[in-house]
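S.K.: Have a look at the structure that comes next, please.
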């Protein structure tokens, strides 16, 4: 190997190193973007989970409120079943259809 071949080989190696360094920098830049996006998504996910939790609590309260209203109507002596809804129960006798609605989960 003469000096020229060694110089050309080193020059090629140097070019390859520069290209590899540029690729590493591009990958680094892309990775930083992915990390930033991941952080933003984690924050958004956390906020959405908090909001969902609040919504679920509110839904649970409102569903209990509706059931309480039905119980009050039944206790006042009226049917809450689909067959006789709103009609007065004779002598406040129990209705198996109304009771089935009240006992549902």
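Residue numbers (the working numbering): 3 to 107.
Backbone N, C-alpha and C define an ideal beta-carbon position, used for all residues, glycine too.
(1) Name the one or two DSSP bridge partners that residue 90 has.
(2) Note the first and the last residue of the continuous alpha helix (DSSP H) segment covering residue 102.
(3) Does the distance from the CB of residue 75 to the CB of residue 103 come in under 7 Å?
(4) Please name the residue, chosen from 47, 101, 39, that lies closest to residue 69 on a Cα-to-Cα basis.
(5) Closest to residue 84 by C-alpha separation, out of 97, 77, 30, 92, would be which residue?
(6) Would you mind listing the alpha helix (DSSP H) stretches within the region 5-70 that are 4+ residues and don't spill past its ends, in chain order?
(7) Hey, would you say residue 90 sits closer than 7 Å to residue 99, going by beta carbons?
M.R.: In brief:
(1) The sequence position of residue 90 within the chain shown is 88, counting from 1. 80, per the DSSP bridge assignment.
(2) For this step, residue 102 is matched to residue 100 along the chain shown. That run of the alpha helix (DSSP H) goes 98-104.
(3) The residue labelled residue 75 in the question sits at position 73 within the chain shown. The residue labelled residue 103 in the question sits at position 101 within the chain shown. No, the Cβ-Cβ distance between residue 75 and residue 103 is not below 7 Å.
(4) For this step, residue 69 is matched to residue 67 along the chain shown. Among 47, 101, 39, the Cα nearest to that of residue 69 is on 101.
(5) To locate residue 84, count along the chain shown from 1; it is residue 82. Residue 84 has its Cα closest to that of 97, out of 97, 77, 30, 92.
(6) none
(7) Sequence index remark: in the chain shown, residue 90 carries index 88 (1-based). Sequence index remark: in the chain shown, residue 99 carries index 97 (1-based). Not a contact, by the Cβ cut-off of 7 Å.
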